[in-house]
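Under my numbering, the final residue of the sequence shown carries the number 271; numbering is consecutive throughout.
These notes are about the structure you will find just below.
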Amino acid sequence: MTNKLKYFIGNWKMFGDFSSFKIIYKINQYIYKEKNFNKKKIVLCVPNTLIHFFQKKLKSKLISLGAQNCHYHETYGPFTGSVSASMLKKIGAEYIILGHSENRLEGETNQIKKKKIISALNQKLHVIFCIGETYKEKSKGKTFSILRKQIKSSLNKKFIKNKIILAYEPVWSIGTNKIPKKSVLQNTIKFIKKDFRKIFKTNKSPKVLYGGSVNHQSIGLLSSISEIDGFLIGSASQSAKKFIDIVKNYYK
Ligand code: PGA
20 MTNKLKYFIG NWKMFGDFSS FKIIYKINQY IYKEKNFNKK KIVLCVPNTL IHFFQKKLKS
80 KLISLGAQNC HYHETYGPFT GSVSASMLKK IGAEYIILGH SENRLEGETN QIKKKKIISA
140 LNQKLHVIFC IGETYKEKSK GKTFSILRKQ IKSSLNKKFI KNKIILAYEP VWSIGTNKIP
200 KKSVLQNTIK FIKKDFRKIF KTNKSPKVLY GGSVNHQSIG LLSSISEIDG FLIGSASQSA
260 KKFIDIVKNY YK
């Protein structure tokens with residue numbers, strides 16, 4: 020058992036309404052009862068429509084709320100339908116997921132990701148920056164070169180200090196119930212940390228989460244990989260029971 024802080028970050032995606040507060044409420048109740056909770060950080064990244072409502076109702080310091088994307092323009096601007104990092108910060112977001120592969124599919128480039136990351140960090144949001152290869156890239160043995168490219172072209176030495184957390188999410192693992200083999204995952208996480216240090220000439224490793232089909236079953240194997248600093252949890256975070264089961268089964 021390690022003493023390092025582990026992150027359990029929920030990515031609700033396009034899910035939830037005001038009645039979904041009951042999910043957060045139950046998770047919060049559970050955290051109050053669990054011992055050792057100072058070693059686990061819970062963050063729920065919910066739709067923008069819910070952040071302020073949940074934040075007002077929650078009255079708890081044990082769960083932080085986050086958003087899942089923002090426009091690259093930092094404040095107000097002529098961008099119909101968009102929301103900026105400063106607007107999210109004002110309504111109570113503390114974290115933000117950026118660069119998710121589902122946004123990449125909609126045309127988000129590494130350059131756009133970079134601008135979004137800078138905006139979010141300027142607004143003092145904690146950025147969870149997603150990287151990961153597709154199945155095709157993996158089959159061609161390109162995983163490491165793709166990860167290097169994503170890190171190099173979207174991050175900047177000036178902005179990497181404290182608030183960036185990387186989330187390694189193999190695209191082929193998202194929503195498929197498939198996770199990488201233990202040795203492969205261990206090597207990939209080590210590679211990300213090492214390459215990051217090399218690219219940005221720093222001796223400080225970033226926090227690296229794993230995301231993709233994290234659930235009460237896969238968490239057993241994932242717990243045994245000490246290089247992983249936490250988890251980005253998609254569909255299983257939309258249910259209080261499933262989310263709590265992951266936290267409970269961690270290290271069981
Ligand atoms: P999943 O999604 O846990 O449903 O696989 C993870 C994610 O997309 O962040």
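Just so you know, even glycine gets a beta-carbon here, dropped at the ideal spot from N, CA and C.
Note that the structure is a prediction, hence the values are computed from the model and not measured.
Membership of residue 119 in any alpha helix (DSSP H) is not indicated, and neither H nor E is assigned to it by DSSP. Per the C-alpha coordinates, the member of 199, 129, 178 and 123 positioned closest to residue 158 is 199. In the three-state reduction of the DSSP assignment, residue 69 falls in the helix class, which pools H, G and I. If you check the CB distance, residue 61 and residue 82 come in under 7 Å.
Rounded to the nearest whole angstrom, the CA to CA distance from residue 142 to residue 170 is 21 Å.
Going by C-alpha positions, residue 134 is about 9 Å away from residue 174. With distances taken between CA atoms, residue 240 lies nearest to 203 out of 221, 257, 219 and 203. Listed in chain order, the alpha helix (DSSP H) runs fully inside the segment 106-188 are 120-123, 129-141, 154-158 and 162-173, counting runs of at least 4 residues.
Annotation: residue 105 to residue 124 spans about 25 Å, alpha carbon to alpha carbon.
For the pair residue 98 and residue 92, the Cα-to-Cα distance works out to about 9 Å. Residue 260 and residue 220 have their C-alpha atoms some 42 Å from each other. Distance from the CA atom of residue 32 to the CA atom of residue 252, rounded to whole angstroms, is 10 Å. In this structure residue 248 is in contact with residue 23, their Cβ atoms being roughly 7 Å apart against a cut-off of 8 Å. Setting aside the 5 residues that flank it on each side, residue 269 is surrounded in the same chain by 238 and 242, each with a C-beta closer than 6 Å to its C-beta; the list follows chain order. Boundaries of the alpha helix (DSSP H) harbouring residue 259: 259-268, taken from the DSSP string. Residue nearest to residue 176 within the set 224, 161 and 163 is 224 (criterion: CA-CA distance).
Across the structure, residue 236 and residue 96 are spaced so that their CA atoms are roughly 45 Å apart. Annotation for residue 222: 216 place their beta carbon closer than 8 Å to its own, counting only its chain and skipping 5 residues before and after.
Closest by C-alpha distance to residue 210, out of 136, 187 and 196, is 187. Of the candidates 85, 233, 266 and 34, the residue whose Cα lies closest to the Cα of residue 197 is 233. Non-local beta-carbon contacts of residue 76 in its own chain, meaning distances under 7 Å to residues more than five positions away in sequence, involve 40 in chain order. About 11 Å separates the CB atoms of residue 84 and residue 144; that is not less than 8 Å, and the two are not in contact. Counting along the chain, residue 203 sits inside the alpha helix (DSSP H) bounded by residues 201-218.
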